[in-house]
Each structure stands twice: as C-alpha cells, then as structure tokens.
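Residue 389 in the working numbering sits at position 360 of the sequence shown, with consecutive numbering throughout. A virtual CB, placed ideally from N, CA and C, is assigned to each residue, including glycine.
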Amino acid sequence: MRSHLLNDTTAESYRRSVTEGIERVAAKLATTTRPFTGITVDALSPRIDAIDLDKPLLDTTAVLDELEDVYLRDAVYFHHPRYLAHLNCPVVIPAVLGEAILSAVNSSLDTWDQSAGGTLIERKLIDWTTARIGLGPVADGVFTSGGTQSNLQALLLAREEAKADTTAELRVFASEVSHFSVKKSAKLLGLGPDAVVSIPVDHDKRMQTVALARELERCHREGLVPMAVVATAGTTDFGSIDPLPEIAELCEQYGTWMHVDAAYGCGLLASVKYRDRIDGIERADSVTVDYHKSFFQPVSSSAVLVRDASTLRHATYHAEYLNPRRMVQERIPNQVDKSLQTTRRFDALKLWMTLRVMGADGIGRLFDEVCDLAAEGWKLLAADPRFDVVVAPSLSTLVFRYIPVSVTDPAEIDRANLYARKALFASGDAVVAGTKVQGRHYLKFTLLNPETTVEDMSVVLDLIAGHAEQYLGESLDRAS
30 MRSHLLNDTT
40 AESYRRSVTE
50 GIERVAAKLA
60 TTTRPFTGIT
70 VDALSPRIDA
80 IDLDKPLLDT
90 TAVLDELEDV
100 YLRDAVYFHH
110 PRYLAHLNCP
120 VVIPAVLGEA
130 ILSAVNSSLD
140 TWDQSAGGTL
150 IERKLIDWTT
160 ARIGLGPVAD
170 GVFTSGGTQS
180 NLQALLLARE
190 EAKADTTAEL
200 RVFASEVSHF
210 SVKKSAKLLG
220 LGPDAVVSIP
230 VDHDKRMQTV
240 ALARELERCH
250 REGLVPMAVV
260 ATAGTTDFGS
270 IDPLPEIAEL
280 CEQYGTWMHV
290 DAAYGCGLLA
300 SVKYRDRIDG
310 IERADSVTVD
320 YHKSFFQPVS
330 SSAVLVRDAS
340 TLRHATYHAE
350 YLNPRRMVQE
360 RIPNQVDKSL
370 QTTRRFDALK
380 LWMTLRVMGA
390 DGIGRLFDEV
400 CDLAAEGWKL
410 LAADPRFDVV
420 VAPSLSTLVF
430 RYIPVSVTDP
440 AEIDRANLYA
450 RKALFASGDA
460 VVAGTKVQGR
470 HYLKFTLLNP
480 ETTVEDMSVV
490 LDLIAGHAEQ
500 YLGESLDRAS
C-alpha cells in the first residue's frame, strides 16, 4: 500500500490520478445543464448504503466511476447560473489551483516549523485585509473555518475584554436578523439565556440605532455590562447592512466592543463601485470576513480580524511540544498563538493565488456584477404583480413571495410558496432558498454568480409561479 503515499517515488502516479479526477470534473462542468438532478434522499441513499467500505476497489478509475454514480452526477452545482439559493459562490480557477497545491503539500498552519512560507503568506493576507478595512497599524487576525468560528472568536475576545464580575452581567446586542451564530456563540461562551438582546430593524432590515441606544442605556441603568454590539454588513436573509458609523458612535459612548459580521458583505472591500456601503467598518474592534462567499473562494476560507493585536492573547495557550513560550521571545511566528484551532489548513493560499492572478479589482468587479444584477432583479420583481418583494437590495439578495390573484388566505399562500420551492428543487431546473418574514414564508434569490442573467431570473420566476398555480389549482380541486 506504500504505492499510494505521495512522495518522490509516486509523483507520476499522483499526476495521473489527479489529472484523471480533474478531467472527470471538467467534463461534468462542461455538460451540466441544470444545477441539480432532482434526485431524492430515498433514491440516493440505497446507492451509498450498498457500498462496502471494507472492500476497496483497488483501482482509481473504478473509484471515479463509482463516484460519478454516488456524487458527481447528483451534486448541486453552484457554478450553474440558475443556482440562486444560499451563500454559495462559483469559484475562481486560481483559487482551485491553490486548493490542489495546499492539499498535496498538506502544510499545517499552526506552527512555523510545519508551514514556514505558508505562515508568512497568511500573515501578509491578514495585513492586506486589515488595511482594506482600515483597522490601523496594530491590527491582526487569523484565518478560520468560517463565519461562525470567526464570530465565536470575536465574542470570546469581547467577553475577556469586558469588565464584569460575572458572565451573568454581560449583554450582547445584535439585530433581529443577525446570524444565528451570535446566539450560538453566547451559549458556547457560558453567557446566560438572556445575554443576547435582539434589536429591531427598520423597513430596510437595518438595525434601528435609536432602539440600540435605548437598550444600551437600559443595560447601563440596570448595572449590566454591554459586552459587545454585533453589527451586520450583509445579513444572510436580506443582505442588509447595519448603519455602521452610528453604531460605532454608540459603542464608543458606552465603552462597548464593536464587532462587524461582514461574512457576506466583505466583497465590498474589493469593490470598485460600492465600497462606501460599508463605511464605518474601520471603527470596529473585530471583523468577520468570509472569502468563500463574496471573494469567490472554495470553502473554507474565512478570517477574524482585530483592531488591537494584543487582544488575540485571549486565545493563546502554550504547549511545550508545540509552541513553548520561549518562541515568543525568539520571534518565531506560530499562528496557533492566535487561533481557536490547532491543526489548520493553508486556506490562505487560495486567496493568495487569486490576488496574484486576478488582483483585488478583478474580484471586486465580479462582486459588483452580482450587486448590479440584484438591482435589476429588484426592478423585475417590483414590476411583476405576481410577486411581493420585501426590500431593495444592499448587496445581492432578493426576498419575495408569490401572491396569487384569486387566493387571499395567508396560510394557503404560504403553502403555495413552500410547494413551489420544493417542486422547483425536485425538477432540478433551478434552486432557490426560503425564509420567513413576519411569520410568513418567502422565497429568496441569493445572487453570487456573475453568469446569471436577468433572463435567468425571469425564467425562474415563471417556473415558481407555475408551480404555485399548479398547487393552488390542485388545492381548489381537492376542496371542491
């Protein structure tokens, strides 16, 4: 079995195997006509259950044939222009090349003696990102597995920086449409069930700063400690951007840590046209960015950035076998000193390759394209009497609901929209997401593919309306 170890003697075998795999994927990408086949769990599960993992096929070609049957054929392909569902982007080729390289070399970014150049590349990219944000000369950060981990680490730092006698006194403020990871992080950090204070949003789904000011004052009056305010630059459901400058003013007034969850909106850091939409982010104490959303990077590629590098000490532990304290005095850069993870992939290489091939403006123009597309989609929906659209896009998300002419029962309209989404997914013709707005079911376009067109959106809207009308027609037939 040593013939399968990647080393100097197997380099040619590695080249052949990887090339064969890449050719399969390339052929699939070239011939995929729908984002999904529509296969069901019940149809796919028996194929995978039938595979005996204790009986290897012992042949790469045979394994790739099998993989075609259990994965490649029925995968959901985010590169297709009618995949409009979640925050999954098509990926750029330089980043995929970086993925292939980092997987083969297999550096672990915890210590210098495991990564060397990789450590310095990651640090350079952290510096590049903090400069784009404007966090100042003593900023720092580290790559993470995703926005949830970045938010967790940021709130850990905020908790440790807060001056409180007990965690029961601590409060975190976030908008009612902020990411669920804020509440999840609070629980993981040992905060009480009332620790996260939900702040209402305005018509544009942005945090109401008047309400935030009122809650901060109440917190102060009751002798509680305002640990952090989490502002969102690109909410998951609406792409809305909280009023960052006003929130920064309040955080300064109350001595509160300001965290900006820009997991989605970080693409504006490279934007050629819309960078001003996140003005105020430079005043944050910490920022979450997900390059694997709006920088067109493969999962995973994310980071947490901080204004003051010294706050990262709250995540630092020293182990004699890995990163003994003496290494700090010896100026040996160990990224594990900043991270919640120990073993960690060299995900920074993907962004490095992308910037070196395409440049920041190249990434930014792609993100600007999807923001422009969302603006066109808004016009399309606003002019279509079949649909109610919730809010004009700040980024590239559209939330809407099919409204039939002949049916007025909100619950029945809910069921029609749910049915339309499920039927569309089952057909494989397109994939859209769903959410709730004021307790009612809505549909969602998350536009992250510059290849998607207004015509694609128009076709998908017609498909949604057709499925909803079919459901309502059948429902009327059943009722009669």
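4 or more residues per run - each alpha helix (DSSP H) lying fully within the region 223–281: The DSSP assignment places 238–250 as complete runs of the alpha helix (DSSP H) inside the region 223–281, in order along the chain (cut-off: 4 residues).
Using a 10 Å radius around the Cβ and a threshold of 16 neighbouring Cβ atoms, would you call lysine 379 buried or exposed? Flag for lysine 379 reads buried.
Taking C-alpha atoms, which residue in Leu477, Phe324, Gly175 lies nearest to proline 123? Comparing C-alpha distances from proline 123 to each of Leu477, Phe324, Gly175 shows the shortest one belongs to Phe324.
Of all the beta strand (DSSP E) runs that stay within the bounds of the region 452–501, which reach a length of 3 or more residues? For the region 452–501, the continuous beta strand (DSSP E) assignments of 3+ residues that do not extend past its boundaries occur at 460–466, 469–475, in sequence order.
Please classify histidine 288: does DSSP put it in a helix, a strand, or coil? DSSP, reduced to helix, strand and coil, places histidine 288 within a strand of the structure shown.
Leaving out five residues before and five after valine 211 in sequence, what residues of the same chain have Cβ atoms less than 8 Å from its Cβ? The residues are Asn180, Leu184, Val201, Ala203, Val225, Val259, Asp290.
For glycine 170: DSSP bridge partner residues: BP columns for glycine 170 point to Leu334.
Range covered by the beta strand (DSSP E) that runs through proline 318: In the sequence as displayed, the identity of residue 318 is valine instead of proline. 315–319 is the span of the beta strand (DSSP E), which, as asked, contains valine 318.
Whose C-alpha, out of Gly165, Leu273, Leu472, Gly147, is nearest the C-alpha of aspartate 417? It is Leu472 whose Cα lies nearest to the Cα of aspartate 417.
Please state if the CB of cysteine 400 and the CB of leucine 424 are separated by a distance shorter than 7 Å. Yes. Within cutoff.
Short of 8 Å in beta carbon distance, which residues of its chain neighbour leucine 58, apart from the five on each side in sequence? Order them along the chain. Tyr106, His108, listed in sequence order.
Taking 7 Å as the limit between beta carbons, can you name the residues of its chain near threonine 39, skipping five residues before and five after? A distance below 7 Å between beta-carbons, with the five flanking residues on each side excluded, links threonine 39 to the following residues of its chain, in chain order: Ser32.
Are proline 64 and tyrosine 112 close, meaning C-beta to C-beta below 7 Å? Cβ atoms of proline 64 and tyrosine 112: closer than 7 Å.
DSSP-derived helix/strand/coil call for alanine 193: In the structure shown, the three-state DSSP call for alanine 193 is coil.
Kindly indicate the opening and closing residues of the beta strand (DSSP E) around alanine 203. Run containing alanine 203: 199–204, per the beta strand (DSSP E) assignment.
What is the DSSP secondary structure of leucine 185, reduced to helix, strand or coil? Of the three classes helix, strand and coil, the one that applies to leucine 185 here is helix, per DSSP.
I need the straight-line Cα distance from proline 501 to proline 414, nearest angstrom please. Before going on, a small fix: residue 501 reads as leucine here, not proline. Between leucine 501 and proline 414, the C-alpha separation is close to 17 Å.
Segment contact flag, the region 277–297 with the region 228–246, C-beta cutoff 8 Å, min 3 pairs: Touching, yes.
Could you check the C-alpha separation between serine 269 and valine 333 for me, to the nearest Å? Computed Cα separation, rounded: 20 Å.
Pull up the distance between the alpha-carbon of threonine 177 and that of phenylalanine 454, whole angstroms please. Approximately 27 Å, taken between the alpha carbons.
May I ask which residues mark the beginning and end of the beta strand (DSSP E) holding arginine 430? In this chain, the beta strand (DSSP E) harbouring arginine 430 covers 426–431.
Could you give the first and the last residue of the continuous alpha helix (DSSP H) run that contains valine 434? Valine 434 -> no alpha helix (DSSP H), and no H or E assigned at all.
Sort Glu189, Met236, Leu273 by Cα distance to leucine 220 and report the nearest one. Taking only the C-alpha atoms, the option nearest leucine 220 is Glu189.
Can a CB atom of chain C be found closer than 7 Å to the CB of glutamate 151? In the structure shown, chain C cannot be found, because there is only a single protein chain.
On the CB-based measure, 16 or more other CB atoms within 10 Å of its CB, does methionine 30 come out buried or exposed? Methionine 30 comes out exposed.
To the nearest whole angstrom, what separates the beta carbons of isoleucine 392 and alanine 262, a pair I think is in contact under 8 Å? Their Cβ separation, rounded to whole angstroms, is 17 Å, which puts isoleucine 392 and alanine 262 out of contact at 8 Å.
Would the beta-carbon of valine 335 fall within 7 Å of that of aspartate 169? It is a contact, given that the beta carbons lie within the stated cut-off.
For valine 120, tell me which candidate among Asn478, Pro353, Glu503, Val420 has the shortest Cα-Cα distance. For valine 120, the nearest C-alpha among the options comes from Asn478.
Could you tell me which residues DSSP pairs with phenylalanine 416 in its beta bridges? Residue pairing for phenylalanine 416: DSSP places it in a beta bridge opposite Tyr431.
Candidates Cys295, Val434, Leu138, Ala403: which alpha carbon is nearest alanine 421's? Of Cys295, Val434, Leu138, Ala403, the residue nearest in Cα terms is Ala403.
Please return the same chain residues whose Cβ sits closer than 6 Å to the Cβ of valine 254, not counting the five positions on each side in sequence. Counting only Cβ-Cβ distances below 6 Å, and skipping sequence neighbours, we find Ala191, Ala193, Glu198, Leu199.
Name the two residues that bound the continuous alpha helix (DSSP H) containing glutamate 359. Per DSSP, glutamate 359 belongs to no alpha helix (DSSP H) and is neither H nor E.
From valine 125 to alanine 452, what does the alpha carbon distance come to, in whole angstroms? Whole-angstrom Cα-Cα distance: 33 Å.
Of the residues Leu186, Tyr431, Gly146, Leu297, which one's Cα is nearest the Cα of serine 339? Among Leu186, Tyr431, Gly146, Leu297, the Cα nearest to that of serine 339 is on Leu186.
Can the beta-carbon of alanine 139 be found less than 7 Å from the beta-carbon of valine 460? Residue 139 is actually aspartate in this sequence, not alanine. No, the Cβ-Cβ distance between aspartate 139 and valine 460 is not below 7 Å.
If serine 331 and serine 174 are in contact, beta carbons under 8 Å, what's the gap, nearest whole angstrom? Between the beta-carbon of serine 331 and that of serine 174 there is about 7 Å, and that keeps the pair under the 8 Å contact cut.
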